[in-house]
Structures are given as structure tokens and as C-alpha cells.
Amino acid sequence: MSSKSQRRPGAGRTQGSSGDRGRLRTTRGPLPPGVYWRRRAFVLGVAFSLVFVIARWLTAGSDGSDDGRSVAVEQAGARVSATGTVTAGQTEAAAGEGSPGATGADASASPTAPVTPTLAAPQGECDPADIVVTPAVAKGAEAGHDVALTLSLQTQRSEACTWKVTSKTVVVRVARPGGKALWTTLQCGRVVPRQSVVLRNAVATEVALTWNARKSDARCSKRTDWLLPGDYTIAAAALGGEPTETEFALAKPAPRTVTVTEKPRNTEKTKKPKKPVN
Numbered sequence: 001m002s003s004k005s006q007r008r009p010g011a012g013r014t015q016g017s018s019g020d021r022g023r024l025r026t027t028r029g030p031l032p033p034g035v036y037w038r039r040r041a042f043v044l045g046v047a048f049s050l051v052f053v054i055a056r057w058l059t060a061g062s063d064g065s066d067d068g069r070s071v072a073v074e075q076a077g078a079r080v081s082a083t084g085t086v087t088a089g090q091t092e093a094a095a096g097e098g099s100p101g102a103t104g105a106d107a108s109a110s111p112t113a114p115v116t117p118t119l120a121a122p123q124g125e126c127d128p129a130d131i132v133v134t135p136a137v138a139k140g141a142e143a144g145h146d147v148a149l150t151l152s153l154q155t156q157r158s159e160a161c162t163w164k165v166t167s168k169t170v171v172v173r174v175a176r177p178g179g180k181a182l183w184t185t186l187q188c189g190r191v192v193p194r195q196s197v198v199l200r201n202a203v204a205t206e207v208a209l210t211w212n213a214r215k216s217d218a219r220c221s222k223r224t225d226w227l228l229p230g231d232y233t234i235a236a237a238a239l240g241g242e243p244t245e246t247e248f249a250l251a252k253p254a255p256r257t258v259t260v261t262e263k264p265r266n267t268e269k270t271k272k273p274k275k276p277v278n
């Protein structure tokens, strides 16, 4: 019995070694290089796709905000360009028509088209204290020649009102800087045109007059002294309003060439026939 219970030497080691070999067979060894390259390509592709999607999203957002800002700037520019001038004597229909605004497909095709303002209808007479008169002298004004002047009339508060331009409602004065008046419409009121105008705060109404570039006197005579070339100031105001002053210069008169055409002379005198004496 003792001989049956005894184990054969090396039997346990044989079974253990076979289990170890089974466990070694289930352990995976290094994979082929192609598998690693495919994995790396997949990871890089996913990362590139994420970066591309995020970049497109950010670009689309910035483009939209830029478009909004550009449209806002264009609309602000259109509102600013609505301010203009109207020549006195121009009919209300011509002043209010302008160029029609773009509509429909034209409006979407040209969003930067200038917008013509709709002028307000006058409501009563203007308050002289609300009127601003801005004088201007034509460029190239020369001493010794007539000078074109322009008065730009505009209200500060009233949207639209009527006003009569006369020598008793508006005053223009020319002087040396810081000096006394050399010429004024208080003495030469004939140069101020008498007319009824509509004044607005959205646009300026222009009135033209001519100054003879001479000094004025109480009788507004035509034989007063010419103003010499140099720097001067011109001020204008509605009676009851604040004056507006600006500087200008009278240039030296440019030499002018006068061409005289001689008339042909008759060398032979035509003799009149003598009447017969009875």
C-alpha cells in the first residue's frame, strides 16, 4: 500500500509546467508595425477633424459680427449724408423730392445708396433767436471787383418755419480783424434780396448777394474807397439772433489783358453830290 500512495517523482512539476505553458500561450506578444501606423493615422485624423470644425465655427461667428458692424456703419453714414443745402427760391416740391430711395431688390443690391431726407413742412414763422446765419465769401475774391457772398440760414430747434429775408431782418458786416465795420448792410441794404424762405434744422437755406468790395457810408454812395488787398472778417446775423463771424482775404487783382480791335479806316472820303442851284 505504501508503494501505491507514493507519487512519481516529477509528476507535480510536469502538471505545473503544462499550466505555465498554457498561461504563456494566452499572453499576446508585440503587434505588427502596420497596426500601430493605422492607430496613429486614426488618432491624427480625429484630432484634425476636431480642429477643422472648431476653426470653421469661430470663422463663421467673426464674419457675422463683422457684417453687422459694417451694416451699422453704412447706415450711420447714410444718416450723416442726409444734411445738405437748399438754394433760396427753390420750390418745396423740388427740395423734397430728391432721388427716390432704393426698394426691393435694388435696396438689397446697393445698401450704401444715399438716402434723401423727407423735408418737414413749415409750421409758423421762425423765431429770430432760433436762426443761425453763416456767411461765406466766394473763393478767389479780389480787391477792386465785385465779391459774391452766400448766407446759409438754418434753425437750431424748429424743424421748419417761414422767414422773410430783408435788410431789416438780417445784417452783414465786413471789417478788419478786431476793427470797426468798413461795409455793412445797415447802410447798403439794397444788396439784400427781399424774399420769403423756409428754414429748417435738417438742411441749410442759402441766400446769395453781391458786395462791390468798397467801403460803405450813410448814403451807400458808389464813389467810396476800395478795400485794399488783405485779411478781413465777415459777420452775419438775424436781427435778434447771435452773429456768426468768419475770416477771408481779398487778393491782389490779377492783371487783365484788354484786346482792342481797330476799325478799318476809309482813306478816301466819299464826296456828297452837290445840289444844283436853281
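So in the working numbering, the last one in the sequence shown is 278, and the numbering has no gaps at all.
Using N, Cα and C, we set each Cβ at its ideal position, and we do this for glycine too.
Note that the structure is predicted; figures quoted are calculated from it, not measured.
Expected contact under 8 Å - CB spacing of residue i and residue j to nearest Å
| i | j | result |
| --- | --- | --- |
| Gly-241 | Ile-131 | 5 Å |
| Thr-184 | Ser-216 | 6 Å |
| Leu-182 | Leu-227 | 6 Å |
| Ser-158 | Val-192 | Actually they do not touch by this definition, with Cβ atoms about 22 Å apart. |
| Leu-119 | Ala-202 | 7 Å |
| Ala-213 | Gly-124 | With a Cβ gap of about 38 Å, Ala-213 and Gly-124 do not count as contacting. |
| Leu-239 | Val-171 | 6 Å |
| Arg-190 | Val-165 | Going by Cβ atoms, the distance from Arg-190 to Val-165 rounds to 13 Å, so no, they are not a contact pair. |
Beta-carbon contacts of residue i that lie in its chain and below 6 Å, excluding the five residues immediately before and after
| i | result |
| --- | --- |
| Trp-211 | Val-147 and Leu-149 |
| Glu-245 | Thr-233 and Ala-235 |
| Val-43 | none |
Cutoff 8 Å; reference residue i; Cβ partners in own chain excluding five residues on either side
| i | result |
| --- | --- |
| Ala-254 | Glu-142 |
| Ala-218 | Gln-187 |
| Lys-252 | Glu-142, Ala-143 and Pro-229 |
Cα-Cα separation between residue i and residue j, rounded to whole angstroms
| i | j | result |
| --- | --- | --- |
| Tyr-36 | Ala-55 | 29 Å |
| Gly-178 | Ala-136 | 18 Å |
| Ser-221 | Ala-160 | 38 Å |
| Ala-41 | Leu-58 | 26 Å |
| Lys-180 | Lys-139 | 24 Å |
| Thr-134 | Arg-256 | 33 Å |
| Phe-248 | Gln-156 | 25 Å |
| Thr-169 | Thr-224 | 25 Å |
| Phe-52 | Ala-121 | 59 Å |
| Ala-175 | Asp-127 | 27 Å |
| Pro-243 | Thr-261 | 50 Å |
Neighbour flag for residue i against chain C, beta carbons, 8 Å
| i | result |
| --- | --- |
| Lys-164 | Of the protein chains in the structure, only one exists, and it is not chain C. |
(message) At 4 residues or longer, what runs of the alpha helix (DSSP H) sit wholly inside the region 144 to 172?
(response) none
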